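S.K.: Before I ask anything, here is the structure I am working with.
Chains as they are written, first to last, in this note's numbering: chain A, 1 to 285; chain B, 1001 to 1294.
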């Protein structure tokens, strides 16, 4: 009791001595309050703009609860083989799409790297091109590819490849730009030619990182490939959207469970592989 | 100076060469085995995904000519010669793209609030009870792994067509994705302030407010901005399942082969996405430098 009293007096005296330090910083406070107020205003305005049917919210929530109850227990409803086959299709789409995208992105990614092409004239258009491809969602590419090669998983492969082309191209360029030049200089100092410089100075630095990124993209594309079927481009998404439309909730929950498990499995495998590769890349061997 | 490099006697050199060859051979064998496995997987995948090089070669012309047709108006003129005809539905598309951005904004903010509320619960260094941490993490993992468009499909059935199901879907998925990034940040904070506050008897809420929050708030804002960028992209396709935004119009234009409309909408989407990318990048840099200086 006595001690807290002493502390309180102490704080008061400290405050009195350093008034400027304890004074509230009104400028910072108005800035924070202003930003937060603007964000809330925009939030409310958005809901007004959306013209939300408020009368439907409560019944909708009630329905949602009912859906969740109806999801248990998950049950394939006699379509287990079809669903597993579709899951295999999804994994195949992710793998092939990513690899195809990577193969296409590599040459252009090299050209977009600052240390390969110093001229911004050539480099910037390639980077902007990557950005535009990346700005279009995978599902949009899927719709376009369906118009070209027809419905089915092949359109999905091409859609994933196209959107990955944009994302990976940019990434490859950044990886190559961040490579250390000292190793190449070392090879040159020992009398290596330009080809040897690239083979022994650049590739050993860049390849493990690129391979790791490709694995990571396969992992994240497994997620994208699960939904690409919603527009008809193959994989498990087709069944999922169909079962939701006909309100077969037990099968919906089974399909979601299947997706969760396979995504977790791919995450696990690719995580192990990436760790192994990172270990080998950094060791001096 | 003819030989600055030290030449080892042949006997010593032979042993070194042998060791090098053996090491190189082992590595090559490993690479070869890995390549064989990868090739096998690729072939199996190609069969499973019905990849048909013949159809592809026969129809690849369709892809390039698709862009040609997208650049041509119904009158046969190139789109850029007559912007008024190209963007004839500019007002409607701009309104819908505005709706898309607002959906992303509301979804991201709602998701960020949810993630913020859950992240301290999911961090073992702030919340002591292991089962609470475990439950919070599984919940976030579920929200993160189910794609937003699947949530949107379900919500459209429950709430009807419109932006509301889209916003809810984005919010739920963002809460999962941001929640993970948030608790990974919170897990790694400097524990000294937390221990200091606990030592003077601060409550759970006070520990969060005065010890954890100042350390994490800048990174949280950065992650939320990045998620907003991703959500703008994601919101453009939520309309495919009837969950609001530009997606519905875009899908109709693609399905009904209104080529110049497709390109007009795509150009607007790309322009908006790039603008948002650049401005959030600027904001993120500003936030990070401020976070470092204070």
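No residue lacks a Cβ here, since even glycine has one placed at the ideal position from N, Cα and C. Note that this is a predicted model, so its numbers are computed, not measured.
(1) Any idea which residues DSSP pairs residue 1072/B with across the strands?
(2) Is the beta carbon of residue 1186/B sitting closer than 9 Å to the one on residue 1123/B?
(3) Leaving out five residues before and five after residue 1078/B in sequence, what residues of the same chain have Cβ atoms less than 8 Å from its Cβ?
(4) Which of the three DSSP states, helix, strand or coil, is assigned to residue 1190/B?
(5) Would residue 90/A and residue 232/A be called neighbours here (beta carbons separated by less than 9 Å)?
(6) Would a check of beta-carbon distances place residue 43/A closer than 9 Å to chain B?
(7) My guess is that residue 168/A and residue 97/A are in contact by the Cβ rule of under 8 Å, so how many angstroms apart are they, rounded?
(8) Since residue 1074/B meets chain A, which of its residues come closer than 8 Å, beta carbon to beta carbon?
(9) Between residue 1293/B and the rest of its own chain, which residues show a CB-CB distance below 8 Å, the 5 nearest in sequence each way excluded?
(10) Leaving out five residues on either side along the sequence, give the residues of the same chain with a beta carbon under 7 Å from the beta carbon of residue 219/A.
(11) Under the three-state reduction of DSSP, which class applies to residue 141/A: helix, strand or coil?
(12) Check whether the Cβ atoms of residue 1280/B and residue 1226/B sit closer than 9 Å, and answer yes or no.
(13) Between the Cα of residue 1259/B and the Cα atoms of 1013/B, 1031/B, 1069/B, which residue gives the shortest distance?
(14) Name, please, each residue of chain A whose Cβ falls closer than 7 Å to the Cβ of residue 1147/B.
(15) For residue 71/A, I'd like the list of residues in its chain whose CB is within less than 6 Å of its CB, leaving aside the five on either flank, ordered along the chain.
(16) Compare the C-beta of residue 184/A with all C-beta atoms of chain B and state if any pair is closer than 9 Å.
(17) May I ask you to report which of helix, strand or coil DSSP gives residue 1173/B?
(18) Note the first and the last residue of the continuous alpha helix (DSSP H) segment covering residue 1141/B.
(19) What does residue 1052/B touch in chain A if you count any residue whose Cβ is under 7 Å from its own?
(20) Just verifying my parser: in three-state terms, what is the DSSP assignment at residue 1052/B?
(21) Quick one: Cα of residue 1175/B to Cα of residue 119/A, how far?
(22) When Cβ atoms are compared, which residues of the stretch 1088–1111 of chain B fall closer than 9 Å to chain A?
(23) So is residue 1173/B buried or exposed if we call it buried at 16+ other beta carbons inside 10 Å?
(24) How about residue 63/A: is its C-beta nearer than 9 Å to some C-beta of chain B?
(25) Check each residue of the stretch 1153–1167 of chain B: if its Cβ is closer than 8 Å to any Cβ of chain A, include it; give the result in chain order.
(26) Please name the residue in 264/A, 272/A, 244/A whose C-alpha comes closest to that of residue 68/A.
(27) Taking only the alpha-carbon atoms, compute the straight-line gap between residue 88/A and residue 251/A and give it to the nearest angstrom.
(28) Express the C-alpha separation of residue 190/A and residue 1011/B in angstroms, rounding to a whole number.
(29) Hey, could you find the ends of the alpha helix (DSSP H) residue 1256/B is sitting in?
(30) According to the neighbour-count rule (16 or more other Cβ atoms, all chains shown, within 10 Å of its Cβ), is residue 1201/B buried or exposed?
(31) According to DSSP, simplified to helix, strand and coil, what is residue 1007/B?
(32) Are residue 160/A and residue 228/A closer than 9 Å when you measure CB to CB?
(33) Can a CB atom of chain A be found closer than 9 Å to the CB of residue 1078/B?
(34) Who are the near neighbours of residue 1156/B in its chain, counting only those whose CB is closer than 7 Å to its CB and skipping five residues on each side?
(35) Below 7 Å between beta carbons is the criterion; list the residues of the stretch 129–144 of chain A that meet it against any residue of chain B, in chain order.
(36) Check the Cβ of residue 1234/B against every Cβ in chain A and list those closer than 8 Å, keeping chain order.
M.R.: The relevant details are as follows:
(1) 1078/B
(2) yes
(3) 1071, 1072
(4) Three-state DSSP puts residue 1190/B in coil, outside helix and strand.
(5) no
(6) yes
(7) Their Cβ separation, rounded to whole angstroms, is 11 Å, which puts residue 168/A and residue 97/A out of contact at 8 Å.
(8) Against chain A, the beta carbon of residue 1074/B has no neighbour under 8 Å; the closest one sits roughly 17 Å away.
(9) Below a pLDDT of 50, predicted positions are generally treated as unreliable, and residue 1293/B, at 48, falls in that range; the measurement from the model is reported next regardless. Nothing listed; no residue qualifies.
(10) If you ignore the 5 residues before and after residue 219/A, its C-beta comes within less than 7 Å of the C-beta of 266, 267, 270, all in its own chain and listed in chain order.
(11) Helix at residue 141/A.
(12) yes
(13) Ranking 1013/B, 1031/B, 1069/B by Cα distance to residue 1259/B puts 1069/B first.
(14) 223, 226, 227
(15) 249, 253
(16) Chain B places no beta carbon closer than 9 Å to that of residue 184/A, leaving this residue out of the contacts.
(17) helix
(18) 1130–1145
(19) 154
(20) Correct three-state label for residue 1052/B: coil.
(21) 42 Å
(22) 1098, 1099, 1102, 1103, 1105, 1106, 1109, 1110
(23) With 16 or more Cβ atoms within 10 Å of its Cβ, residue 1173/B is classed as buried.
(24) yes
(25) Under the 8 Å Cβ criterion, the stretch 1153–1167 of chain B contributes 1153, 1154, 1155, 1157, 1158, 1159, 1160, 1162, 1163, 1164, 1167.
(26) Closest by C-alpha distance to residue 68/A, out of 264/A, 272/A, 244/A, is 244/A.
(27) If I take the Cα positions, the gap works out to 18 Å.
(28) 24 Å
(29) Residue 1256/B -> no alpha helix (DSSP H), and no H or E assigned at all.
(30) Within 10 angstroms of the beta-carbon of residue 1201/B lie fewer than 16 other beta-carbons, which makes it exposed.
(31) coil
(32) The Cβ-Cβ distance between residue 160/A and residue 228/A falls below 9 Å.
(33) no
(34) Only residues of its own chain outside the window of five on either side were considered, and among them 1165, 1241, 1242, 1243 have a CB closer than 7 Å to the CB of residue 1156/B, listed in chain order.
(35) 131, 132, 135, 136, 137, 139, 140, 143, 144
(36) Residues of chain A passing the Cβ test: 137.
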